[in-house]
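S.K.:
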Amino acid sequence: MAKRYLAVAEELRHRIEADHYQRGGKLESERALLEQFHVSRSTIRKALELLESDGLIVRRQGRGGGTFVQAKPPQVDLNEMSGFMPQLRLKGLSVASELLSASLDYATATHAEQLAVPLRSPVFRIVRLRRVEGVPLLIEDSVFPATAFPELLKEDLTQSLYELLDRRFHRAPHSKREVIVPATANAWQRERLQLLKKELVLRIMRTAYDAEGIPIEYSVDVLRRDVGRVRVATNQPPEG
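Under the UniProt record's numbering, the first residue of the sequence shown is numbered 1, with each subsequent residue one higher.
(1) Please list, in chain order, all residues of the same chain as R13 whose beta carbon is under 8 Å from its beta carbon, the five residues on each side excluded.
(2) Identify, in the order they occur along the chain, each residue of the same chain with its Cβ nearer than 7 Å to the Cβ of R4, setting aside the five sequence neighbours on each side.
(3) Taking the beta strand (DSSP E) that I204 falls in, what are its first and last residues?
(4) Using C-beta distances below 6 Å, list every residue in its chain close to A96, excluding the 5 sequence neighbours before and after it, in chain order.
(5) Go ahead and label I122 buried or exposed: buried means 16 or more other beta carbons lie within 10 angstroms of its beta carbon, across all protein chains shown.
(6) Where does K154 sit, in a helix, a strand or coil, going by DSSP?
(7) Please go through the same chain and pick out, in chain order, the residues whose beta-carbon is closer than 7 Å to the beta-carbon of E10, but skip the five residues on each side of it.
(8) Measure the Cβ-Cβ separation of S219 and D141 and say whether it is below 8 Å.
(9) Scan the segment 112-196 and note each continuous beta strand (DSSP E) run of 3 residues or more that stays entirely inside, going in chain order.
(10) Relative to the C-alpha of V181, which residue among R192, R190, H170 and R206 is closest?
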């Protein structure tokens, strides 16, 4: 016989996915759920823990706290060269960039490999926090070969960097290669993304190329899993 908390979690999952609850709205209290399902408090709590681990609900402490249905995260298409923020703007969402740091650095072994530049050659490193509707969504840690983009750090780095590269240096990214892996955010990332210690993120490692196939950017993005989704598609036909 299946454990009772699994059955409770499955029923609540069905309600959430069927939009029985308002996205971002409050779930019933534990007492109300006890009365609905005729189970123990520990069973309800185990069911809620399971839903929370799956990213369907979030529990908040303090005044105004409770259990809330997770709002549907905005979706962005990794196949688009425009990047995250322009896509979200087109959806009518308010987006903003905060420049965390911008510095002249020296290429590490990873930078040298991804950007096809000599080890320890000068690179510009730009780290930004991106917000959607005031909520921190993404940390971008981008590295550019300094010789390709002289005086890049003197520009307004809160704007779209791809548009800046096109307008100022006439070298817009034309293609990109990305690797996406689940990861655990470090303490610095958790603080800026306002994450709990146990929450997972998506780490997106990207190399962007100009029209001639020369790498011009290597970036490691850290995306909140609960407020952002990515979509990947391919036009390659299936084999067989």
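Quick reminder that beta carbons are idealized off the backbone N, C-alpha and C, glycines included. Keep in mind that this is a model prediction, so the values were computed, not measured.
M.R.: This is what the structure holds:
(1) L51, D54 and L56
(2) V39 and T43
(3) L200 to Y209
(4) R131
(5) First, the residue type needs correcting, since residue 122 is Pro and not Ile in the sequence shown. Answer is exposed; the Cβ neighbour count stays below 16.
(6) helix
(7) none
(8) yes
(9) 122-132, 135-145 and 175-184
(10) R206
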